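>
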Amino acid sequence: MEARDQESCGISSVSDYLAIVGNASNRDFLINGVNGVTFYRGQSDSKWELSPSLFREGLLDSENVLLTSIRRYRPDDFSGSRLQQLALLQHYGMPTRLLDVTTNPLVGLYFACGEPKDADGRVFVFPKMPTSWGSDPFISMVIDFCFDFCAVKCDLDAVLDQVKANYSVTPHHIMPDTVKRLLAHLTSPHQFVLPEWTNPRIGAQRGAFIVCGMDLLCVEPAISHVDPNKQYYFFGPTSDLYGRLEKRGAFSLIVPHQYKEDILRQLEAIGIDESSLFPDLPHAIAHTVREVKARKLGPHCFS
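Numbering (the UniProt record's numbering), first residue to last: 1 to 303.
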């Protein structure tokens with residue numbers, strides 16, 4: 001059965017799911033000659049859109065304020081690269097433009113089976129996507145923009161000056177040298193990134209990210225007698241992220257709510273559960289308490 005047909009039928013077991021995503025992962029899906037990586041994202045309510053928390057909460061205009069403020073309060077916690085800093089903030093619940101994804105299909109399925117239990121879940125599958133390492137200069141450039149500039153009213157000439165000052169040109173990385181080229185990178189709707197596993201949770205979940213770009217809303221001339229040619233660029237959140245990814249081969253699978261608990265039991269039997277995916281003490285304790293209660297109340301209790 002084709003993946004798009006399976007979406008309407010729903011997934012009722014781990015074996016059903018693996019049969020579908022296994023075929024998707026093995027497809028020779030080439031984009032611009034690049035053979036990429038397959039990623040998965042589980043969302044426990046199928047009605048939720050595919051959008052990062054920064055965009056959902058309407059905070060794009062406050063992005064750099066959020067990031068620089070928290071670093072001022074806790075500077076010792078933010079000594080890594082800016083992508084590592086952004087990943088750390090994402091880890092602790094700060095709204096960012098990152099979307100968590102995983103390279104492990106079972107991890108994606110696990111998250112699709114979470115709360116709310118009375119809602120159908122959804123697994124997004126992104127086959128063979130062009131992928132960057134977290135150290136890629138182009139990724140660093142976009143992340144630097146997040147920290148240093150306001151997306152709502154932006155002087156791209158100033159951004160370009162920073163890019164030229166901070167990034168050298170190499171045979172493999174020709175950084176933007178015009179506003180037009182810079183704009184193309186900043187408005188790329190999605191970039192899949194394999195980060196360093198800087199904390200146990202990212203490693204346990206085989207974690208990766210989608211760095212979401214922006215849409216250009218308008219360009220307005222600056223009111224300036226000093227530089228009458230200066231322009232300001234106004235950005236908004238990337239629109240219809242899933243629709244754009246569908247054009248590159250992405251699809252999604254529905255997990256009907258009535259199968260969530262059965263699937264979680266199947267996943268637990270093969271080592272995919274809260275204690276393995278969240279290897280920190282609070283989650284380990286919570287998982288242990290639930291497990292003991294379930295055994296005490298009977299084999300059919302699982303919550």
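Cβ coordinates follow ideal geometry from the N, Cα and C atoms, glycine included. Please read these numbers as outputs of a predicted model, since none were measured by experiment.
1. Indicate the three-state DSSP secondary structure (helix, strand or coil) for S141 in the structure shown.
2. Kindly indicate which three-state DSSP category E49 falls into: helix, strand or coil?
3. What first and last residue would you give for the alpha helix (DSSP H) that runs through S276?
4. Could you tell me how far apart the beta carbons of G249 and P127 are, in whole angstroms, since I believe they sit closer than 8 Å?
5. Please confirm whether V123 and G42 have their CB atoms less than 9 Å apart.
6. What did DSSP end up calling P228 once you bin it into helix, strand or coil?
7. Is E220 helix, strand or coil when you go by DSSP?
8. Output the distance between the C-alpha atoms of N166 and I263, rounded to the nearest integer angstrom.
9. Which one of M141, L86 and I254 has the shortest CA to CA distance from W48?
10. What residue range does the beta strand (DSSP E) around H257 cover?
11. Can you tell me whether R56 is buried or exposed? The criterion is at least 16 other CB atoms within 10 Å of its CB, across all chains shown.
12. With distances taken Cα to Cα, identify the nearest neighbour of I272 among A112, L60 and H91.
13. Which of helix, strand or coil does DSSP assign to K247?
14. Touching or not, the segment 237-244 and the segment 178-197, by the rule of three or more beta carbon pairs under 8 Å?
15. Once you ignore the five residues that flank V152 on each side, which residues in its own chain have a CB closer than 8 Å to its CB?
16. Let's test the definition: count the other Cβ atoms within 10 Å of the Cβ of Y40 and tell me whether it reaches 16, buried, or not, exposed.
17. Alpha carbons only, please: which of R82, P95, V101 and H91 is nearest the one belonging to F138?
18. Indicate whether Q84 and E196 have their beta-carbon atoms separated by less than 9 Å.
19. Rounded to the nearest angstrom, what separates S15 and N23 at their Cα positions?
20. Identify, in the order they occur along the chain, each residue of the same chain with its Cβ nearer than 7 Å to the Cβ of I143, setting aside the five sequence neighbours on each side.
21. Does the beta-carbon distance from T102 to E63 come in below 9 Å?
22. Less than 9 Å separating the beta-carbons of Y259 and G80?
23. Sort A19, V107 and D148 by Cα distance to residue 371 and report the nearest one.
24. Is Y92 helix, strand or coil when you go by DSSP?
25. Closest to residue 304 by CA distance: which of S12, L50 and D77 is it?
26. Using the Cα positions of M214 and A119, report the straight-line distance between them to the nearest angstrom.
27. What are the boundary residues of the alpha helix (DSSP H) that residue 307 is part of?
28. Out of P221, S252, Y232 and L194, state which residue places its alpha-carbon closest to the alpha-carbon of S132.
29. Report yes if the CB atom of S13 is closer than 9 Å to the CB atom of G121, and no otherwise.
30. Give the secondary structure of K153 by DSSP, where H, G and I count as helix, E and B as strand, and everything else as coil.
31. With 16 other CB atoms within 10 Å as the buried threshold, where does T38 fall?
32. For F267, collect the residues of the same chain with a Cβ closer than 8 Å to its Cβ; drop the 5 residues on either side in sequence, then sort them by chain order.
Per the coordinate set shown:
1. Locating residue 141 in the sequence shown gives position 141, counting from the first residue. For the sequence presented, residue 141 should be read as Met rather than Ser. Note: M141 maps to helix in three-state DSSP.
2. Taking the first residue of the sequence shown as 1, we reach residue 49 at position 49. Of the three classes helix, strand and coil, the one that applies to E49 here is coil, per DSSP.
3. Residue 276 sits at position 276 when you count from the first residue of the sequence shown. E274 to L277 is the span of the alpha helix (DSSP H), which, as asked, contains S276.
4. Taking the sequence shown and counting its residues from 1, one reaches residue 249 at position 249. Taking the sequence shown and counting its residues from 1, one reaches residue 127 at position 127. So it is a contact: roughly 5 Å between Cβ atoms.
5. Translated into positions along the sequence shown, residue 123 becomes position 123. Translated into positions along the sequence shown, residue 42 becomes position 42. Contact: yes.
6. Walking along the sequence shown from the start, residue 228 turns up at place 228. Note: P228 maps to coil in three-state DSSP.
7. Numbered from 1 along the sequence shown, position 220 holds the residue referred to as residue 220. Looking at E220 - three-state DSSP - the assignment turns out to be strand.
8. Residue numbering aside, residue 166 sits at position 166 when the sequence shown is read from its first letter. Residue numbering aside, residue 263 sits at position 263 when the sequence shown is read from its first letter. Rounded to whole angstroms, N166 to I263 spans 49 Å at the Cα level.
9. Residue 48 sits at position 48 when you count from the first residue of the sequence shown. For W48, the nearest C-alpha among the options comes from I254.
10. Stepping through the sequence shown from its first residue, residue 257 is reached at position 257. Element bounds for H257: n/a, residue is neither H nor E.
11. By 1-based counting over the sequence shown, the position of residue 56 is 56. Its Cβ having fewer than 16 others within 10 Å, R56 is exposed.
12. Locating residue 272 in the sequence shown gives position 272, where the first residue counts as 1. Per the Cα distances, A112.
13. Translated into positions along the sequence shown, residue 247 becomes position 247. K247 falls in the coil class under three-state DSSP.
14. yes
15. Within the sequence shown, the letter at position 152 stands for residue 152. Closer than 8 Å at the Cβ level, and outside the excluded window around V152, lie L60, D61, F234 and F235.
16. Residue mapping note: residue 40 aligns to position 40 of the sequence shown, counting from 1. So Y40 ends up on the buried side.
17. Counting from 1 along the sequence shown, the entry for residue 138 is found at position 138. Nearest C-alpha to F138: R82.
18. As a working note, residue 84 is residue 84 in the sequence shown. As a working note, residue 196 is residue 196 in the sequence shown. Yes, they are a contact pair.
19. Here residue 15 is taken as the residue at index 15 of the sequence shown, counted from 1. Here residue 23 is taken as the residue at index 23 of the sequence shown, counted from 1. S15 and N23: Cα-Cα distance of roughly 13 Å.
20. Residue mapping note: residue 143 aligns to position 143 of the sequence shown, counting from 1. Answer for I143: R82, L83 and L86, listed in chain order.
21. What you label residue 102 is simply residue 102 of the sequence shown in a count that begins at 1. What you label residue 63 is simply residue 63 of the sequence shown in a count that begins at 1. No; because the gap between Cβ atoms is not below 9 Å, this pair is not in contact.
22. Taking the sequence shown and counting its residues from 1, the one referred to as residue 259 is at position 259. Taking the sequence shown and counting its residues from 1, the one referred to as residue 80 is at position 80. Going by C-beta atoms, Y259 is not nearer than 9 Å to G80.
23. In the structure displayed, the chain extends from 1 to 303; residue 371 sits before or after that span and is not available.
24. By 1-based counting over the sequence shown, the position of residue 92 is 92. It is coil, neither helix nor strand.
25. Residue 304 lies beyond the residue range present for the chain, which begins at 1 and ends at 303; the question has no answer from this structure.
26. The sequence position of residue 214 within the sequence shown is 214, counting from 1. The sequence position of residue 119 within the sequence shown is 119, counting from 1. Between M214 and A119, the C-alpha separation is close to 30 Å.
27. Past the edges of the chain, shown from 1 to 303, lies residue 307, and the structure says nothing about it.
28. Counting from 1 along the sequence shown, the entry for residue 132 is found at position 132. Checked all of P221, S252, Y232 and L194; the closest Cα to S132 is L194.
29. Translated into positions along the sequence shown, residue 13 becomes position 13. Translated into positions along the sequence shown, residue 121 becomes position 121. No.
30. Translated into the one-based positions of the sequence shown, residue 153 becomes position 153. K153: coil per DSSP, three-state reduction.
31. Taking the first residue of the sequence shown as position 1, residue 38 is located at position 38. Under this definition T38 is a buried residue.
32. Stepping through the sequence shown from its first residue, residue 267 is reached at position 267. In the sequence on display, residue 267 carries Leu and not Phe. If we look at L267 and ignore the five residues flanking it on each side, its Cβ neighbours are V14, L106, L109, Y110, C113 and D273.
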